[in-house]
Structure formats: structure tokens, C-alpha cells
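Here is the structure we will look at, set down as C-alpha cells.
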Amino acid sequence: MQDIVSLAKRRGYIFPSSEIYGGVNAVFDYGPLGVEFKNNVKRAWWEAMTRQRDDVVGLDASIIMARRVWQVSGHEEVFTDPLVDCTNCKARFRADHVIEEQGNLDVCPNCGEKGTLTEPRRFNLMFKTFMGPVEEDAGLVYLRPETAQGIYVNFLNVQSSMRKRLPFGIAQIGKAFRNEISPGNFTYRMREFEQMEMQYFIPPEEEERWYAYWKEQRRQWYLDLGMTPEHLSWHEHGADELAHYARAAVDVYYEFPFGSKEIEGVHDRTDWDLRRHTEFSGRDMSYFDDLEKRRYLPFVIETSVGADRSALAFLCDAYHEEEVNGEKRVVLRLHKRLAPVKVAVMPLSKKENLVELAHKVHDSLRPLGLTQYDDTGGNIGKRYRRQDEIGTPFCVTVDFDSLEDGQVTIRERDSMAQRRAPIAELRDILAAELV
Ligand code: ATP
Numbered sequence: 337m338q339d340i341v342s343l344a345k346r347r348g349y350i351f352p353s354s355e356i357y358g359g360v361n362a363v364f365d366y367g368p369l370g371v372e373f374k375n376n377v378k379r380a381w382w383e384a385m386t387r388q389r390d391d392v393v394g395l396d397a398s399i400i401m402a403r404r405v406w407q408v409s410g411h412e413e414v415f416t417d418p419l420v421d422c423t424n425c426k427a428r429f430r431a432d433h434v435i436e437e438q439g440n441l442d443v444c445p446n447c448g449e450k451g452t453l454t455e456p457r458r459f460n461l462m463f464k465t466f467m468g469p470v471e472e473d474a475g476l477v478y479l480r481p482e483t484a485q486g487i488y489v490n491f492l493n494v495q496s497s498m499r500k501r502l503p504f505g506i507a508q509i510g511k512a513f514r515n516e517i518s519p520g521n522f523t524y525r526m527r528e529f530e531q532m533e534m535q536y537f538i539p540p541e542e543e544e545r546w547y548a549y550w551k552e553q554r555r556q557w558y559l560d561l562g563m564t565p566e567h568l569s570w571h572e573h574g575a576d577e578l579a580h581y582a583r584a585a586v587d588v589y590y591e592f593p594f595g596s597k598e599i600e601g602v603h604d605r606t607d608w609d610l611r612r613h614t615e616f617s618g619r620d621m622s623y624f625d626d627l628e629k630r631r632y633l634p635f636v637i638e639t640s641v642g643a644d645r646s647a648l649a650f651l652c653d654a655y656h657e658e659e660v661n662g663e664k665r666v667v668l669r670l671h672k673r674l675a676p677v678k679v680a681v682m683p684l685s686k687k688e689n690l691v692e693l694a695h696k697v698h699d700s701l702r703p704l705g706l707t708q709y710d711d712t713g714g715n716i717g718k719r720y721r722r723q724d725e726i727g728t729p730f731c732v733t734v735d736f737d738s739l740e741d742g743q744v745t746i747r748e749r750d751s752m753a754q755r756r757a758p759i760a761e762l763r764d765i766l767a768a769e770l771v
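The numbering used here numbers the first residue of the sequence shown as 337 and each following residue consecutively.
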């Protein structure tokens with residue numbers, strides 16, 4: 337994991353937030369390659385979940401919502417984690433994590449003292465802030481801890497404006513905030529993060545069928561993006577693990593270097609949220625099926641994944657160290673759709689006529705996505721290695737023969753195979769390979 341964290345920092349993927357001031361615990365910034373990579377993850381999700389389907393539409397709801405939403409959804413009361421303090425070393429832990437690791441709360445996991453952990457107390461994870469000039473209770477608002485509520489409160493707006501029939505879904509990508517007690521493991525558990533959530537509204541009697549359907553769809557998404565099947569597993573929640581709104585839930589686990597951990601949840605949220613909002617807002621959130629002539633509150637199957645967490649899983653899955661000609665090669669075998677840089681163009685030397693042609697070639701490849709031009713000179717092998725390390729699927733080298741025969745070398749990241757191709761056909765060849 338240390339190698340991945342250090343590569344992420346060194347190569348412009350992920351930086352600690354406010355680093356020059358010592359950083360902010362569990363908050364991170366995405367660098368020039370990180371932002372492209374994470375955008376690619378989000379785009380892949382958005383494509384699969386909305387654009388490639390007729391039955392799911394998008395939404396971008398606000399982060400700050402009426403406080404009432406969080407009271408009615410149950411978050412103000414029960415969106416809590418059990419917190420324990422060590423009276424000796426002052427460290428703080430989530431009681432459930434300590435119990436998971438050592439079976440009980442007898443010993444402090446930090447200092448090892450016996451009997452120093454306090455009784456667990458409930459700690460609400462929502463960040464508070466105030467609207468308006470006075471910090472008073474009337475102005476209290478929360479930074480959303482999940483994006484789902486923005487979808488529920490807009491259910492009627494979306495359904496009527498888009499004239500949607502059930503079953504249909506609403507998808508959203510956006511920031512969420514949780515004042516986690518024990519964050520850690522790099523971007524796995526952050527206090528500010530992004531979620532990609534989809535709520536699928538269905539007739540109540542179709543609950544089981546759609547729950548099974550979305551579990552399968554979500555599994556396939558990871559596989560389509562090249563994730564190692566053996567690194568994925570499923571964890572069905574027992575009755576004692578279910579969130580307050582869920583009747584059934586399954587977590588997708590990924591085998592991280594620090595253990596097998598949740599990256600996504602598929603939840604059967606029943607009509608919990610729409611029922612509560614109907615009850616407390618006074619607006620009837622039910623749906624009228626004009627074909628069947630019946631009115632009901634839809635049930636909801638939710639798929640909820642962290643953009644940062646799944647990106648971290650893709651990054652870990654892609655990271656490989658191998659030996660090539662007696663030297664270590666670090667390569668990110670990212671799926672081509674996720675790789676931040678699609679093609680790097682390099683002139684073999686800094687000779688003027690080569691550089692000119694290489695620039696031309698580079699410009700012609702820009703429509704393929706983010707490209708890089710690398711004329712740092714020196715050893716071409718070293719330049720290939722630098723691209724391997726950031727996951728660039730293709731390098732294109734312009735050499736002296738190119739000036740004569742109008743051909744360049746395409747070098748492929750995973751196999752390291754090289755072949756010649758005419759400049760005139762280069763863009764089409766690479767475009768076909770990059771889909
Ligand atoms: P955990 O048990 O890890 O705290 P959770 O079960 O509370 O997670 P959900 O409320 O189901 O998580 O959130 C859905 C998804 O949002 C998670 O699967 C994860 O990918 C992402 N997520 C939740 N909390 C965080 C966080 N603190 N940092 C990064 N991603 C998160």
C-alpha cells in the first residue's frame with residue numbers, strides 16, 4: 337500500500353489536503369492525473385448507469401438541504417457510530433471496529449493498556465454548519481452524508497417532468513461528508529468524498545427481482561472495467577448489520593492490500609424514505625400507475641458506491657511490479673477507459689525536424705482524450721517506464737525513419753510490444769484500440 341500511496345503522490349494522482357500546513361486528516365486532493373482518472377471512473381459509472389439505459393435519468397442535487405430532510409430520514413437521530421476513548425493514551429476508536437479486530441473492548445488497540453476504554457457512546461457523523469449571519473439553532477444545516485436524500489425529495493419532480501413510468505431510476509454523483517471517527521487507509525475512508533448513487537423505484541412486489549438484478553449489474557460493471565474477479569466478493573448483511581432504512585443489503589468487497597473491505601452497497605430500502613417524506617412533508621410521494629389504475633408508494637433498490645473508494649480499488653488492482661531485463665518495472669495496468677493519459681508522443685531526439693513532426697502527430701491525437709508530449713530526451717526506455725507507471729496504454733515514438741517513411745512506432749503498455757504504423761492511419765488505429 338505504501339508503494340501505491342507514494343506513486344500516487346509522486347506522479348500527481350493524489351495529494352494530502354493542505355499539506356504545507358501539515359495536512360487535514362482524511363481529506364485529500366486529486367492532482368492533474370488523479371482528477372482525470374477519477375473523472376474517468378465517474379464517467380464510466382454515468383455511462384453504464386444512465387446514458388446506456390432508457391430507464392435511469394440523472395440528477396445533480398445540492399449538498400445543503402433543509403435540516404428537516406435529515407430529521408425525517410432518520411439521520412439526525414441514528415446516523416451515528418459507537419465511539420470509545422482510551423483514558424490512558426487518549427486515542428479514539430469505533431467500538432465496532434475494535435470488536436471486529438480483537439473480539440472485545442478489554443484492551444486499547446493503541447497503547448495496549450487493559451480496562452482503559454470508555455463505554456461506547458453514540459457519535460453523529462454529520463457535519464454541521466450554519467446558514468445566515470448568526471450561528472443559532474434556527475440556521476443549523478448539515479453537509480449531506482449521502483446523496484440519496486437529494487434523489488428522494490426530487491422523486492416527484494423527476495417523475496412528472498420526465499413522464500417516467502415505474503420501474504425507473506435516478507442516478508447522481510456528488511460530494512458527501514462524514515465526520516468519521518477513525519478514518520484511514522489513504523482514500524478508503526475520508527471525511528469528504530464522492531458518492532455515485534442510483535435509486536431504482538419499483539412496484540413493491542418486484543423487490544426481490546430488482547435486488548437480484550442490480551446486484552448482478554453492479555458486479556458486471558467492475559468486471560467490464562477489468563477488475564480481477566478473484567479480488568471481488570459479496571457480503572450479505574445479517575439482520576443486526578442492516579442500516580435503519582434497509583430490509584436487505586449486500587456489500588461488494590474488494591481485496592485491498594490492507595484487507596478485504598467494502599466498496600459498494602446494494603440496498604433494498606423498501607418505501608422507508610418516500611413513506612417518511614410523505615408523512616412529514618405533507619406531500620404525497622405515491623405513484624399512480626395509469627395502466628393498472630392503482631396508486632402505491634414505490635419501493636427502492638439503491639446502488640451506492642464511493643467514487644474515491646472504487647477509484648482506489650481500481651488503482652490497487654492495476655498496480656504491478658515486475659522484472660524486465662533484470663530491472664524493476666512498475667506498471668499501472670488500468671483499463672484503457674480509466675487511464676488518465678491515453679497516448680504519449682515522444683520524438684526520439686530533440687532534433688528540430690523530429691520535434692516538429694512529433695508535435696504534428698501529437699496534435700492529431702488530441703481527440704483521443706488526454707495525451708502527453710514528452711521530449712525530455714534521453715533514453716526512450718526510461719520514458720516508456722514513466723508512462724507505464726502512470727498507466728498510459730500507448731506510446732508513440734517519432735524517429736528518423738518517420739521523416740522518410742511517414743511511419744511511427746506504437747508501443748503497447750502491457751505487452752511492451754512495438755509495431756510500425758503509418759502516421760496517416762494512426763488516429764484511427766488508436767481510436768479503435770481505446771474503446
Ligand atoms: P462503512 O461501513 O465503510 O463506513 P457504509 O456502509 O457506511 O461504509 P454506505 O453508507 O453504504 O457506507 O455508503 C456507500 C458507499 O459510499 C460505500 O460503499 C463507500 O464506497 C462510500 N463511502 C462511505 N463512506 C465513505 C468514506 N468515509 N470515505 C470514502 N467513501 C465512503
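Every residue gets a Cβ at the ideal spot worked out from N, C-alpha and C, and that includes glycine. Computed from a predicted structure; not experimentally measured.
Would residue i and residue j be called neighbours here (beta carbons separated by less than 7 Å)?
| i | j | result |
| --- | --- | --- |
| Val636 | Gln535 | yes |
| Leu633 | Asp607 | yes |
| Leu419 | Ile487 | no |
| Glu533 | Gln495 | no |
| Arg807 | Ser617 | Limits of the chain in this structure are 337 at one end and 771 at the other, which puts residue 807 out of reach. |
| Phe537 | Leu578 | no |
| Gly727 | Ala675 | yes |
| Leu461 | Asn521 | no |
| Glu572 | Val588 | no |
| His483 | Gln531 | According to the sequence shown, residue 483 is Thr rather than His. Contact flag set, yes. |
| Thr454 | Asp421 | yes |
| Arg527 | Ala362 | yes |
| Gln708 | Ala753 | no |
| Val377 | Ala647 | yes |
| Phe504 | Asp365 | no |
| Pro481 | Phe415 | yes |
| Trp406 | Glu412 | yes |
| Lys686 | Asp711 | yes |
| Glu449 | Asn490 | no |
| Arg669 | Asp750 | yes |
| Gly410 | His580 | yes |
| Ala325 | Arg673 | Outside the modelled stretch of the chain, which goes from 337 to 771, sits residue 325, for which no answer is possible. |
| Val586 | Thr639 | no |
| Gly705 | Lys664 | no |
Is there at least one non-hydrogen atom of ligand 1 closer than 6 Å to the beta-carbon of residue i?
| i | result |
| --- | --- |
| Met621 | no |
| Gln508 | no |
| Ile726 | no |
| Ile765 | no |
| Gln743 | no |
| Ile599 | yes |
| Gly642 | yes |
| Phe364 | no |
| Glu516 | yes |
| Arg555 | no |
| Arg428 | no |
| Arg645 | yes |
| Gln531 | yes |
| Arg389 | no |
| Met337 | no |
| Tyr385 | It should be noted that the sequence gives Met, not Tyr, for residue 385. Outside the cutoff, so no. |
| Met462 | no |
| Ala525 | Position check: residue 525 holds Arg in this sequence, whereas Ala was assumed. Yes, the Cβ of Arg525 comes within 6 Å of a heavy atom of ligand 1. |
Which partner residues of residue i appear in the DSSP bridge assignment?
| i | result |
| --- | --- |
| Asp421 | Arg428 |
| Ala512 | Phe529 |
| Asp365 | Phe351 |
| Ala584 | Asp604 |
| Arg756 | Thr745 |
| Phe277 | Absent from the structure is residue 277, since the part of the chain shown begins at 337 and ends at 771. |
| Ser596 | Glu591 |
| Ala675 | Paired residues: none, contrary to the question. |
| Arg630 | Asp625 |
| Pro683 | Val734 |
| Lys450 | Val443 |
| Ile400 | Leu479 |
| Tyr536 | Gly505 and Ile637 |
| Arg457 | Leu419 |
| Lys378 | In the DSSP output, where bridge partners are listed per residue, Lys378 has none listed. |
Give a yes or no on whether the minimum CB-CB distance between residue i and chain D is below 7 Å.
| i | result |
| --- | --- |
| Ala654 | Protein chains in the displayed structure number just one, and chain D is not present. |
Taking 8 Å as the cut-off, does the stretch 696–705 touch the stretch 388–403 (at least 3 CB pairs, one atom from each stretch)? no
Below 8 Å, can you find three or more Cβ-Cβ pairs linking the stretch 733–746 to the stretch 657–666? no
Could you check whether the stretch 743–751 touches the stretch 713–732, counting it as contact only if at least three pairs of C-beta atoms, one from each stretch, sit closer than 8 Å? yes
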